[in-house]
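K.L.:
Residue numbers are given in my numbering: position 322 of the sequence shown equals residue 619, and the series is strictly consecutive. Glycine is no exception: its CB is placed at the ideal position from the N, C-alpha and C atoms. Here the structure is a predicted model, which means the values were calculated and not measured. Take this structure first; my questions come after.
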Amino acid sequence: MSAWRRLQVKLRTAPGFFASIQLTRRHARQYGPLTLCRSLSTGSPLQNKYFKDLKAQLAGFRKKASDALPGSSWTPLLVSPNLPPARVDIVIIGGGVVGWSIAYWLKQKEMIREGARILVVEKDPMYSQSSTVLSAGGIRQQFSLPENIHLSLASVNFMRKINDYLGVMNEDPVDLQFNQSGYLFLASEQGAQIMEENYITQRNAGAHVSLLSPTQLKQKFPWINTDGVVLASYGLENEGWFDPWTLLNAFKRKAISMGVIPCHGEVTDLKCTTKMLRSDSDEIMAVKRINYVKVQMLNSLEYQPVECSIVVNAAGAFSGKLTKMLGIGSGPKDSIAGIPLPVEPRKRYVYVVNCPDGPGLDTPFLIDYSGVYFRREGLGGNYIAGVSPEEAEEPDTNNLEVDHQFFEEKVWPVLAHRVPAFEKLKVTSAWAGFYDYNTFDQNGIIGVHPLINNMYLATGFSGHGLQHSPAVGRAVAELILDGNFKTLDLSSFSFGRILSQEPMLERNIV
Ligand SMILES: Cc1cc2nc3c(=O)[nH]c(=O)nc-3n(C[C@H](O)[C@H](O)[C@H](O)COP(=O)(O)OP(=O)(O)OC[C@H]3O[C@@H](n4cnc5c(N)ncnc54)[C@H](O)[C@@H]3O)c2cc1C
């Protein structure tokens, strides 16, 4: 007997069942079990009228309150239909490319279908401030650390077969709009030796890069002014740029199709239990375990405490703020609790310029030794360009406004020197985004935080997190599900290096 039949029989035999109530499957589907109970009640018509009036009054109150807040999109007393579940296994905080990649890989690796309930919480559904969609979309092999080169190679291999990984049945295939094009790093006298050392590291790690003398450089790219250039390195394959929005959505669409639960809300609190432990060096440490995350629904007073076993901090530029909620960084200066997660937002401008006489189809992603970069943006003489400001000139991070003066003073002079045709360029638009900047050594921080034994960090990628997201997602999923790295050993990116003050300095930061 079906569940529905059993319920009907039960109802018929229940005391107080009214023969006149005709419940069909259609009713049940339409109104659900709540209506079924209500039909059996003898609620007076007066009471129904009271609730009707209350509904109307609430609607009136809502309108009055939102009229009183001109310009606000906040709607008071709105009941959100999208509350997250009260209990999941893993909460991923941050639905950028890193968060969704981890979610995808967790599902991909789980041993039993639906083995883990995974929730991804994102506070900015339009991604208006997320680094992912505001990035330049580049991928390169030319790093100085073998770990970063391996991350790039693994990620580019993933991108080559993206539809094998992220294709969803009956949906359009993923088209990353990948522009295969080498990065071209230029070195001055001062940087030439480092460039040679990096080249050897890159070759040993399996990357295909060539070194060019100024004469060779001029032959290959006649539009370059080689003044001041002593050496150049040019990527021969596995480099270029792609559409970040497409990669983010491809991870997200696939992960959701595999059962990951998306939620638009902000994690505003993390509830922990604390245990006092004594370290090897006799330090008494408060080690925490997160039991709940509080998810505040957007534009609403509602929130949902979500009980969970594991939390992943993939909150990008704001991941440092998240760990601060747990007291990380506010302990005594010489203790572990006194060391903050060194990740903060750093504003970076991207200028879109047009120059009909600029370099053509064979334009590489050029990084001048001054740090100024440019690349082609589609065809028709469009390019994007920028440079990271000096440490002392870091702009205010309260907003994402663009400083146009910065282009005039810091970017254009270098562009025009390096490519004389750029003397005549015109800025057509610009945007700014936040780097998830690791102030310690400008590299990712991956793994469990030593004082929060169920929080995994995946943050601090400082300008190269987009391209590494496929391999980082897999690595974090391995850590969580297998207990250690399986395919790429990224243990040197752990928080431990910050405790021991041993930076993993990446020399090729753009
Ligand atoms: C101008 C610019 C150019 C760049 N160029 C490149 C490039 O060419 N190549 C490259 O590889 N990388 C590049 N990057 C870096 C790259 O964009 C980032 O490293 C990468 O996108 C980080 O991804 P993420 O998912 O960690 O961060 P994000 O995309 O920022 O995602 C984190 C998400 O967490 C959410 N969040 C934060 N706090 C909470 C909370 N409490 N509750 C819920 N949600 C929360 C945020 O809303 C955000 O959407 C660039 C970045 C910028 C700004």
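1) Between the stretch 631-648 and the stretch 724-736, are three or more C-beta pairs nearer than 8 Å?
2) Could you pull the DSSP bridge partners for residue 666 from this structure?
3) Can residue 439 be considered in contact with ligand 1, in the sense that its beta carbon sits closer than 6 Å to one or more heavy atoms?
4) Given this structure, state the Cα-to-Cα distance separating residue 406 from residue 778, to the nearest angstrom.
5) Measuring CA to CA, which of 434, 412, 642 and 497 is closest to residue 662?
6) Alpha carbon to alpha carbon, what distance is there between residue 749 and residue 334?
7) Could you check the C-alpha separation between residue 623 and residue 719 for me, to the nearest Å?
8) Under DSSP, the beta strand (DSSP E) around residue 643 begins and ends at which residues?
9) Do the stretch 399-419 and the stretch 518-533 touch if we need at least three Cβ pairs shorter than 8 Å?
10) On the DSSP letters alone, give me the boundaries of the beta strand (DSSP E) that residue 443 sits inside.
11) Per DSSP, residue 590 is paired with what?
12) Would you report the Cα separation of residue 342 and residue 357, rounded to the nearest angstrom?
13) Rounded to whole angstroms, what is the Cα-Cα separation between residue 693 and residue 643?
14) Give the C-beta separation of residue 702 and residue 436 to the nearest angstrom, bearing in mind that I take them to be a contact with Cβ-Cβ under 8 Å.
15) Would you give the residue range spanned by the alpha helix (DSSP H) that residue 741 belongs to?
16) Is DSSP giving residue 728 helix, strand or coil here?
17) When you compare the CB positions of residue 542 and residue 656, do they come within less than 7 Å of one another, or not?
18) Under the assumption that residue 743 contacts residue 773 (Cβ atoms under 8 Å), give the Cβ distance between them as a whole number of angstroms.
19) DSSP three-state call for residue 477: helix, strand or coil?
20) Could you tell me if the beta carbon of residue 550 falls within a distance shorter than 6 Å of some heavy atom in ligand 1?
21) Could you give the distance in angstroms between the alpha-carbon of residue 758 and the alpha-carbon of residue 394?
22) If you compare alpha carbons, which of 438, 427, 572 and 768 is closest to residue 532?
23) Can you tell which of 487, 471 and 509 has the C-alpha that lies nearest to the C-alpha of residue 496?
24) Since residue 419 sits in a beta bridge, which residues does DSSP pair it with?
25) So which of 560, 425 and 481 has the shortest CA-CA distance to residue 673?
26) Please name the residue in 476, 530, 513 and 574 whose C-alpha comes closest to that of residue 539.
27) If you pair each beta-carbon of the stretch 456-475 with each one of the stretch 729-738, do three or more pairs fall below 8 Å?
28) Along the chain, where does the beta strand (DSSP E) containing residue 400 start, and where does it finish?
29) Do residue 492 and residue 528 count as a contact pair if the criterion is CB distance below 7 Å?
30) DSSP has residue 387 in a bridge; who is on the other side?
P.N.:
Here's the rundown:
1) yes
2) DSSP output for residue 666 lists no bridge partner at all.
3) no
4) Straight-line spacing of the CA atoms in residue 406 and residue 778 works out to 8 Å.
5) 434
6) With a pLDDT of 29 at residue 334, under the threshold of 50, the predicted position of this residue should be treated as unreliable, though the coordinate-derived value follows. Near 45 Å, if we compare the C-alpha coordinates of residue 749 and residue 334.
7) 49 Å
8) From DSSP, the beta strand (DSSP E) with residue 643 extends over 640-651.
9) no
10) No beta strand (DSSP E) holds residue 443; the alpha helix (DSSP H) holding it covers 443-457.
11) 567 and 603
12) For residue 342, the predicted structure reports a pLDDT of 47, less than 50, and the residue's modelled location is therefore unreliable. A value from the coordinates is still provided. Taking the straight line joining both Cα atoms gives about 23 Å.
13) Residue 693 and residue 643: Cα-Cα distance of roughly 8 Å.
14) In fact, because the Cβ distance is near 31 Å, the residues do not count as touching under 8 Å.
15) Segment: none, residue 741 is in no alpha helix (DSSP H) and carries neither H nor E.
16) Under the three-state reduction of DSSP, residue 728 is assigned to strand.
17) Going by C-beta atoms, residue 542 is not nearer than 7 Å to residue 656.
18) 6 Å
19) strand
20) no
21) Residue 758 and residue 394 have their C-alpha atoms spaced approximately 12 Å apart.
22) 438
23) Minimum Cα distance to residue 496 is reached at 509.
24) 561
25) 481
26) 476
27) no
28) For residue 400, no beta strand (DSSP E) encloses it; the enclosing alpha helix (DSSP H) starts and ends at 394-406.
29) yes
30) 415 and 607
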